[in-house]
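Q:
Residue numbers (my numbering): 19 to 242.
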């Protein structure tokens, strides 16, 4: 496997070998690439999780890039079971409502999270063992936008019931090389725990490339 993270999708086994270990204290909130965070250890009461993504534009003298947050529900083969396991702007609900995308922001304007997704962890089928969170730029054929045109990009996980932020991942460094797709990280079911792996790998080809790697028939789903 190439050392260039742009060349291939995330290799989970290699990432785990490089990871620094689990966070063991509730005071640690800032994640960095390679970290693993046991969310249940931080908050044993966690049932409903919110994933939020935010960003700002660097310049207003061009058409703003349209960033999209998405997630993939994966089984033990590291692939989706069916197309409805791909949650994004054109399919905003999965697993009978246990996972929901809360809507598309085309500009990133305003304070706080620009896009968010919510998950009822207890309602997820047991054959879903991993949730992959991604960020991508829409409409690659119509513009030359990439991640270098945005700033202050972050990903965070929040206990939806309490509003307590459990983890925040600043993606500034990960996006300096540009690119049009990013595997932010993966939330893995390990026994009774859910452990977040901070990946931060940029992917060539945007959302279409990532969806294909997870077993999605892209032409049937990703369209305006």
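Every residue gets a Cβ at the ideal spot worked out from N, C-alpha and C, and that includes glycine. Note that the coordinates shown come from a computational prediction; the quantities given were computed from them, not determined experimentally.
1. With a 10 Å radius around its C-beta and 16 neighbouring C-beta atoms as the bar for buried, classify residue 103 as buried or exposed.
2. For residue 83 versus residue 176, is the C-beta distance shorter than 8 Å?
3. Kindly provide the ranges of any beta strand (DSSP E) runs that are 3 or more residues long and lie completely inside the segment 156 to 224, ordered along the chain.
4. So what does DSSP say about residue 110, is it helix, strand or coil?
5. Which two residues bound the contiguous beta strand (DSSP E) that contains residue 68?
6. Look up residue 129 in the DSSP assignment and give the residues it is bridged to.
7. Could you check how far apart the C-beta atoms of residue 216 and residue 60 are, in whole angstroms? I think they sit under 8 Å.
8. Check for me: the alpha helix (DSSP H) holding residue 57 runs from which residue to which?
9. Quick check on the DSSP output: the beta strand (DSSP E) that includes residue 87 runs from which residue to which?
10. Suppose you measure from the CA of residue 199 to the CA of residue 211; what does that come to, to the nearest Å?
11. Determine the burial state of residue 144: buried for a count of at least 16 other Cβ atoms within 10 Å of its Cβ, exposed for fewer.
12. Give the secondary structure of residue 136 by DSSP, where H, G and I count as helix, E and B as strand, and everything else as coil.
13. Quick check on this structure: which residue in 221, 229, 213 and 235 has the alpha carbon closest to the alpha carbon of residue 55?
14. To the nearest angstrom, how far is the alpha carbon of residue 188 from that of residue 114?
15. Which word fits residue 43, buried or exposed, when buried means at least 16 other C-beta atoms lie within 10 angstroms of its C-beta?
16. Find out if the Cβ-Cβ distance for the pair residue 197, residue 165 is shorter than 8 Å.
17. Would a C-beta distance cut-off of 8 Å place residue 191 and residue 171 closer than the cut-off?
18. For residue 24, name the three-state secondary structure that DSSP assigns.
A: The answer reads as follows:
1. Position 85 of the chain shown, counted from the first residue, corresponds to residue 103. Buried: at least 16 other Cβ atoms inside 10 Å.
2. The sequence position of residue 83 within the chain shown is 65, counting from 1. The sequence position of residue 176 within the chain shown is 158, counting from 1. Not closer than 8 Å, so no.
3. 168 to 177, 183 to 188, 199 to 208 and 211 to 221
4. On the chain shown, position 92 is the one that residue 110 refers to. If DSSP states are grouped into helix, strand and coil, residue 110 belongs with coil.
5. The residue labelled residue 68 in the question sits at position 50 within the chain shown. 66 to 75 is the span of the beta strand (DSSP E), which, as asked, contains residue 68.
6. Here residue 129 refers to the residue found at position 111 when the chain shown is read from its first residue. Bridge partners of residue 129: none, in fact.
7. As a working note, residue 216 is residue 198 in the chain shown. As a working note, residue 60 is residue 42 in the chain shown. In fact, because the Cβ distance is near 14 Å, the residues do not count as touching under 8 Å.
8. Residue mapping note: residue 57 aligns to position 39 of the chain shown, counting from 1. Per DSSP, residue 57 is one residue of the alpha helix (DSSP H) stretching across 57 to 60.
9. The count along the chain shown starts at 1 and reaches residue 87 at position 69. Residues 85 to 92.
10. The residue given as residue 199 occupies position 181 in the chain shown. The residue given as residue 211 occupies position 193 in the chain shown. Cα to Cα, residue 199 sits roughly 28 Å from residue 211.
11. Here residue 144 is taken as the residue at index 126 of the chain shown, counted from 1. Flag for residue 144 reads exposed.
12. Position 118 of the chain shown, counted from the start, is the residue given in the question as residue 136. Residue 136 falls in the strand class under three-state DSSP.
13. Residue mapping note: residue 55 aligns to position 37 of the chain shown, counting from 1. Ranking the options by Cα distance to residue 55, first place goes to 213.
14. Against the chain shown, residue 188 aligns to sequence position 170. Against the chain shown, residue 114 aligns to sequence position 96. Cα to Cα, the separation comes out at about 32 Å.
15. Stepping through the chain shown from its first residue, residue 43 is reached at position 25. Legend: pLDDT at residue 43 = 36, less than 50; position of this residue unreliable, value from coordinates given subsequently. Exposed, by the Cβ-count rule.
16. Residue mapping note: residue 197 aligns to position 179 of the chain shown, counting from 1. Residue mapping note: residue 165 aligns to position 147 of the chain shown, counting from 1. Their beta carbons are under 8 Å apart, which means residue 197 touches residue 165 by this criterion.
17. The residue you call residue 191 lines up with position 173 of the chain shown. The residue you call residue 171 lines up with position 153 of the chain shown. No, Cβ-Cβ distance for residue 191 and residue 171 is not below 8 Å.
18. Position 6 of the chain shown holds residue 24. In this predicted model, residue 24 has a pLDDT of only 46, less than 50, meaning its place in the structure is not dependable enough to derive any value.
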